[in-house]
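Each residue of the sequence shown is one higher than the last, beginning at 226 in my numbering.
Ideal Cβ positions, reconstructed from N, Cα and C, are used throughout, including at glycine.
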Amino acid sequence: VQLQASGGGLVQPGGSLRLSCAASGSIFNINAMGWYRQAAGKQRELVATITSVGRTDYADSVKGRFTISRDNVKNTVFLQMNSLKPEDTAVYYCIFRRYGRKEPDYWGQGTQVTVSS
Numbered sequence: 226v227q228l229q230a231s232g233g234g235l236v237q238p239g240g241s242l243r244l245s246c247a248a249s250g251s252i253f254n255i256n257a258m259g260w261y262r263q264a265a266g267k268q269r270e271l272v273a274t275i276t277s278v279g280r281t282d283y284a285d286s287v288k289g290r291f292t293i294s295r296d297n298v299k300n301t302v303f304l305q306m307n308s309l310k311p312e313d314t315a316v317y318y319c320i321f322r323r324y325g326r327k328e329p330d331y332w333g334q335g336t337q338v339t340v341s342s
């Protein structure tokens, strides 16, 4: 499975960004896609995931601000990030997880999100 992410960039606090990630390759119907992030000097953490049937999971720190969605026909996952804070600054990684797995099986290349005035 290959993952191609896009949409990162620089935004002011309170602003919005939308990340996209398209999956290709040996994709089966039942899976989960989502996003992790890693800030400088910190461990990688889960941001949000969504299964192929629409079940979502969010980190407490982004609940109410971020929304994950997906297009199963295009095998693409989106992360709408609103009310961004400086602490959201990180490299965001798209992930793909096969059915029944607890950890991601595949990782995208990462896209930088910087929230700064």
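{"Query": "Under 8 Å: do the region 272 to 289 and the region 330 to 338 share three or more Cβ pairs, one atom per stretch?", "Result": "no"}
{"Query": "In the structure shown, what three-state DSSP assignment does Glu328 receive?", "Result": "coil"}
{"Query": "Alpha carbon to alpha carbon, what distance is there between Asn297 and Arg262?", "Result": "23 Å"}
{"Query": "Roughly how many whole angstroms lie between the Cα atoms of Ile255 and Ala247?", "Result": "16 Å"}
{"Query": "Could you tell me the boundaries of the beta strand (DSSP E) in which Leu228 lies?", "Result": "Gln227 to Ser231"}
{"Query": "So, Asn300 versus Ser249, is the Cβ gap smaller than 8 Å?", "Result": "yes"}
{"Query": "Hey, how far is the Cα of Arg322 from the Cα of Ser342?", "Result": "35 Å"}
{"Query": "Is the distance from the Cβ of Gly240 to the Cβ of Leu309 below 8 Å?", "Result": "yes"}
{"Query": "Where do the N-terminal and C-terminal ends of the beta strand (DSSP E) with Gly259 fall, by residue?", "Result": "Asn256 to Gln263"}
{"Query": "Where does Val287 sit, in a helix, a strand or coil, going by DSSP?", "Result": "helix"}
{"Query": "Can you tell me whether Ala265 is buried or exposed, with buried defined as 16 or more other CB within 10 angstroms of its CB?", "Result": "exposed"}
{"Query": "Can you give me the C-alpha to C-alpha distance between Ser231 and Tyr324, rounded to a whole angstrom?", "Result": "25 Å"}
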